[in-house]
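Sequence positions in the sequence shown follow this note's numbering and run 189 to 286.
Glycine residues also receive a C-beta, built at the ideal position from the N, C-alpha and C atoms.
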Amino acid sequence: MLGLLATGFILGVIFVNLIGLALIAAPSIGQYTLSRAVTPVAAALVLFFCEHFIGLGSLSWCWPFTTAAAVWMVACGLLMWRLPRHRDPEDDDTGAVV
């Protein structure tokens, strides 16, 4: 049972990291769905290229940092998604939409 929980946790961490990576690249690519497919491939190609010339060693120390950054990106993405997109018709000032 503990093995299943550990596997679920690891898959959850990988899933959150992939979502964060896609959210980082989505503005430059233009579409979120395309960035979900392109960014893992691009990251793997770049890291495999670096690994070919310079051994990267064990990267297990960076999992907490990348997961924290990915959770931050997902939280910011959810907050931006929840913001209002349109002004009220009676709002005629030049202030920000909040």
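On the criterion of 16 or more Cβ atoms from any shown chain inside 10 Å, does residue i qualify as buried, or is it exposed?
i      : result
Met261 : buried
Ser246 : exposed
Ala213 : buried
Leu209 : buried
Rounded to a whole number of angstroms, what is the C-alpha to C-alpha distance between residue i and residue j?
i      : j      : result
Leu233 : Phe241 : 13 Å
Cys250 : Leu192 : 23 Å
Gly196 : Phe203 : 10 Å
Mapping DSSP to helix, strand and coil, what is residue i?
i      : result
Ile242 : coil
Gly208 : helix
Gly265 : helix
Leu190 : helix
Smallest Cα separation from residue i: which of the options?
i      : options                           : result
Gly200 : Gly265, Leu267, Ala263 and Val259 : Val259
Met268 : Leu211, Thr221, Phe236 and Leu235 : Leu211
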